[in-house]
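Colleague:
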Amino acid sequence: MRRQFFPYVIGALSLAVLAFVSAQAADNAAIKEKTAACAGCHGENGISQTENVPSLAGQPDQFLQWQLVFFRAGSRKNDQMQPIVEEITNEDIRNFGAYFSQLAPPKAPEDEDPDLSKKGAQVAAGRRCASCHTDTYAGTKAVARLAGQREEYLVKALHDYKSGQRVGGGVAAMADVAYHMSEEEITAVAHYLAHLQ
Amino acid sequence: MTSMFHRSVLALAAVALLAGSSAGNAQQQDKNRALKKYESGTKEFWTHPPDDWFLGDETEAQKGLAPPSGPPTGASDTELANIVKKIKLPPGFKIEVYASGVLAARQMAWGDKGTLFVGSFGLGNVYAIKDNNGKKEVKTVLKGLNMPTGLAFKDGALYVIAVDKLIRYDDAEAKLDNLGEGKVVYDDMPSYAAHGWKYIAVDKDGWFFLPFGPPFNVGIPPTSVSQIRRVDPKTGNAEIWALGVRNSVGGDVDPRTGKYWFTENARDWISDDLPSDKLNMINRIGEHFGYPYCHQGNLPDDKFAMGHKCSEFTPPVLNLGAHVAPLGMKFYTGDQFPAEYKNNILIAEHGSWNRHKYQGARIVRVIVGPDGKNPKQEIFASGWLEGDQGYLGRPNDILLAKDGSILVADDWAGAIYRISYSKK
Numbered sequence: 070m071r072r073q074f075f076p077y078v079i080g081a082l083s084l085a086v087l088a089f090v091s092a093q094a095a096d097n098a099a100i101k102e103k104t105a106a107c108a109g110c111h112g113e114n115g116i117s118q119t120e121n122v123p124s125l126a127g128q129p130d131q132f133l134q135w136q137l138v139f140f141r142a143g144s145r146k147n148d149q150m151q152p153i154v155e156e157i158t159n160e161d162i163r164n165f166g167a168y169f170s171q172l173a174p175p176k177a178p179e180d181e182d183p184d185l186s187k188k189g190a191q192v193a194a195g196r197r198c199a200s201c202h203t204d205t206y207a208g209t210k211a212v213a214r215l216a217g218q219r220e221e222y223l224v225k226a227l228h229d230y231k232s233g234q235r236v237g238g239g240v241a242a243m244a245d246v247a248y249h250m251s252e253e254e255i256t257a258v259a260h261y262l263a264h265l266q
Numbered sequence: 550m551t552s553m554f555h556r557s558v559l560a561l562a563a564v565a566l567l568a569g570s571s572a573g574n575a576q577q578q579d580k581n582r583a584l585k586k587y588e589s590g591t592k593e594f595w596t597h598p599p600d601d602w603f604l605g606d607e608t609e610a611q612k613g614l615a616p617p618s619g620p621p622t623g624a625s626d627t628e629l630a631n632i633v634k635k636i637k638l639p640p641g642f643k644i645e646v647y648a649s650g651v652l653a654a655r656q657m658a659w660g661d662k663g664t665l666f667v668g669s670f671g672l673g674n675v676y677a678i679k680d681n682n683g684k685k686e687v688k689t690v691l692k693g694l695n696m697p698t699g700l701a702f703k704d705g706a707l708y709v710i711a712v713d714k715l716i717r718y719d720d721a722e723a724k725l726d727n728l729g730e731g732k733v734v735y736d737d738m739p740s741y742a743a744h745g746w747k748y749i750a751v752d753k754d755g756w757f758f759l760p761f762g763p764p765f766n767v768g769i770p771p772t773s774v775s776q777i778r779r780v781d782p783k784t785g786n787a788e789i790w791a792l793g794v795r796n797s798v799g800g801d802v803d804p805r806t807g808k809y810w811f812t813e814n815a816r817d818w819i820s821d822d823l824p825s826d827k828l829n830m831i832n833r834i835g836e837h838f839g840y841p842y843c844h845q846g847n848l849p850d851d852k853f854a855m856g857h858k859c860s861e862f863t864p865p866v867l868n869l870g871a872h873v874a875p876l877g878m879k880f881y882t883g884d885q886f887p888a889e890y891k892n893n894i895l896i897a898e899h900g901s902w903n904r905h906k907y908q909g910a911r912i913v914r915v916i917v918g919p920d921g922k923n924p925k926q927e928i929f930a931s932g933w934l935e936g937d938q939g940y941l942g943r944p945n946d947i948l949l950a951k952d953g954s955i956l957v958a959d960d961w962a963g964a965i966y967r968i969s970y971s972k973k
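These protein sequences, in sequence, are chains E and C.
With the first sequence counted from 1, adding 69 to any position gets you my numbering.
With the second sequence counted from 1, adding 549 to any position gets you my numbering.
(1) So which residues on chain E does threonine 622 of chain C lean against when the C-beta distance must stay under 7 angstroms?
(2) Under 8 angstroms between beta-carbons, which chain A residues line up against serine 901 of chain C? List them in chain order, please.
(3) Under the rule that 16 or more other beta-carbon atoms within 10 Å means buried, what is aspartate 680 of chain C, buried or exposed?
(4) With a CB to CB cut of under 6 angstroms and the five nearest residues on each side skipped, what residues in its chain are close to phenylalanine 886 of chain C?
(5) Under 7 angstroms between C-beta atoms, does tyrosine 248 of chain E make it to chain C?
(6) Just to make sure I have the definition right: I need the residues of chain E whose C-beta is within less than 8 angstroms of the C-beta of alanine 742 of chain C. Which are they?
(7) Would proline 824 of chain C pass as a contact of histidine 844 of chain C if the rule is Cβ separation under 7 angstroms?
(8) By the 9 angstroms beta-carbon criterion, what residues does the segment 891-918 of chain C contribute toward chain E?
(9) Do the CB positions of glycine 619 of chain C and tryptophan 961 of chain C come within less than 7 angstroms of each other?
(10) According to DSSP, what are the bridge partners of valine 733 of chain C?
(11) Quick one: does leucine 876 of chain C have its CB under 7 angstroms from some CB of chain E?
(12) Check the DSSP bridge columns for glutamine 926 of chain C and list the partner residues they point to.
(13) Starting from lysine 634 of chain C, trace the alpha helix (DSSP H) both ways and give me its first and last residue.
(14) Out of C:Tyr735, C:Asn893, C:Glu722, which has the shortest C-alpha to C-alpha gap to isoleucine 710 of chain C?
(15) Measure the beta-carbon distance from glycine 650 of chain C to glycine 883 of chain C and round it to whole angstroms, keeping in mind my assumption that it falls under 8 angstroms.
(16) Determine the chain C residues that contact lysine 210 of chain E at a beta-carbon separation under 8 angstroms, and present them in chain order.
(17) How would you label serine 570 of chain C, buried or exposed, when you count the other beta carbons within 10 angstroms and need 16 or more for buried?
(18) Below 7 angstroms between beta carbons is the criterion; list the residues of the segment 665-678 of chain C that meet it against any residue of chain E, in chain order.
(19) Enumerate in chain order the residues of its own chain whose CB-to-CB distance from histidine 857 of chain C is below 6 angstroms, with the five nearest sequence positions on each side excluded.
(20) Against glutamine 131 of chain E, what residues of chain C qualify as contacts under a CB-to-CB distance less than 9 angstroms, listed in chain order?
(21) Less than 8 angstroms between the CB atoms is what I'm expecting for phenylalanine 757 of chain C and alanine 750 of chain C, so what's the real figure, rounded?
(22) Buried or exposed: arginine 805 of chain C, going by 16 or more other Cβ atoms within 10 Å of its Cβ?
(23) On the three-state DSSP scale, how would you describe glutamate 813 of chain C?
(24) Do you know whose CA, among C:Ile789, C:Cys859, C:Ala874, lies nearest aspartate 821 of chain C's CA?
(25) Identify the contact partners of cysteine 23 of chain E in chain C, using a Cβ-Cβ distance below 9 angstroms as the criterion.
(26) Using a Cβ cut-off of 9 angstroms, pull out every chain E residue sitting near leucine 539 of chain C, in sequence order please.
(27) Where are the beta strand (DSSP E) runs, 3 residues long or more, that stay fully inside the segment 144-201 of chain E, in chain order?
(28) Going by CA-CA distance only, name the one from C:Pro849, C:Ile678, C:Pro598, C:Asn796 that's closest to alanine 244 of chain E.
(29) What does DSSP give as the partner residue(s) for arginine 974 of chain C in the beta ladder?
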């Protein structure tokens, strides 16, 4: 949608394309360098090996950008992220979103407790998770990918919503949904989603 | 202008025919479901209303319709330059970008010394925009507020409404570097987010009209919500002026009569074409506008009418269309536009989410006398919507500038536009 606005000028097409390509390549190199800072916690290629830190690979572009905008505005709070995002530019945010969304999403680990997953699937259906997160739980636009996310991070995120520490985007739907979830439901749905491919 | 009007009449006729059949099906499905019950007598209801407040009434065919989310960093200057080229206006009018980088921009208000204050939606920011020799400097002056969508400026103070708190920041234009904590002057409002974001319209006595939306799509609202109150920011005294109002996020005081007119977003999930959103006027204090019993003045709710007839309620001045989402509105009191615009109402339509083919995302002009009779509407500015669901921008508020031009806030592109008129 948004890429259609690139200012191609027909008369200077070849020149513009050349300039554009090299600028883009430089951007990519620059953004890769910048993402090195992310890898410390979020892992190589955006796949986190750190407890309570989410994988970013394959998250929807807009979702990633929104989180950075929320961190920067202070409406989402996190001690590690705060100092990093304070001075981040809109261009950086767009670049980070584009970079991590194009990485291959994490592979789900083998499910060692399919019964719990079954229960989690029922919770997800009852709470209408798919209405926003899509039937495959790959997420879309401003809505997060849940499939294959770290299990304990999904639990953490639901707790953050439940306690009101995190409000989420738009109309605060996640805060309202999570508030009514029991611990049992949270455990089950996190297990189910973490093991979805 | 005439041809535009004819086209919209034809379009409306087609819509009405289609609506007859599809609404029938949806309502049939709807009937088979049990009535939901909310316990509003508990404290919990007021902090965490039903989790199904905007989903839960959908049919299978409506699954997947959800409020869309715009570009998180707004539109870039290059993109904005292209957007304004696509906006269609009547002859003689011109649109330009007034300020960019005003992320999630909502209601606007002028300070006495020419500072433009702008609220925001989920971001929690309030901005101050200053004109430095033609270059607009956008400064975030408040952060971390709870949906500070509405604001007003009065007697040197900036007032911000953040869901359940009306906060006053004294001597605001002199303190843009540090507005301080402010003083809460009114807080008799529920804290839930659902339809809890608000708009401020100041009347001639300096009292504020404030909307109180219900915390769900449709239901019998607890007695203290689904209403419009008039609040004195000096004393915190409040009066209930309108009942039976769903989600209103815009209104203005008629310069001719002092009466309050307001826009209202109708319930969702009946169908793509029903019910219509509304423009209302409060003739006398305490009028009931029909929600949840009757929609658009003539459509009893399938479940919630419960024997009520539409004739019991104050009908809308005008049905604006289904899911157009009318938000901020202003009477045009300036001198720059052609004389026939005087006292017309300009309404910013935010556009649909609960409709397969979006409509709205434009500014409409309503021509109507002070009695509300024989209203006419026509499209004033459009072009922010491409294809079925492709927003380029979403207008949501209008503000007159001193020179008679108007400013338009767009929370999708994160920008303020200026629309001006010149005879040549």
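Heads up, the beta-carbon is just placed ideally off N, CA and C, and yes, glycines get one too.
Modeller: Put simply:
(1) Gln134, Val138, Asn159, Ile162, Arg163
(2) Chain labels in this structure do not include chain A; the protein chains are E and C.
(3) exposed
(4) Tyr970
(5) yes
(6) Val236, Val240, Ala241, Ala244, Asp245
(7) yes
(8) none
(9) yes
(10) C:Ile716
(11) no
(12) C:Val915
(13) 626-635
(14) C:Tyr735
(15) With 8 angstroms as the limit, glycine 650 of chain C and glycine 883 of chain C do not qualify as a contact, their Cβ atoms being about 27 angstroms apart.
(16) Pro617, Ser618
(17) Caution is warranted here: a pLDDT of 37 is assigned to serine 570 of chain C, below 50, making its placement in the model unreliable, and the coordinate value is therefore given only provisionally. It counts as exposed.
(18) Gly671, Leu672, Gly673, Asn674
(19) Tyr842
(20) Ser618, Gly619, Pro620, Pro621
(21) 7 angstroms
(22) exposed
(23) strand
(24) C:Ala874
(25) Because chain E here runs from 70 to 266, residue 23 of chain E falls outside it and cannot be looked at.
(26) Look at the range of chain C in this structure, 550 to 973, and you will see that residue 539 of chain C is not part of it.
(27) none
(28) C:Pro598
(29) Not covered by the structure: residue 974 of chain C. The range shown for chain C is 550 to 973.
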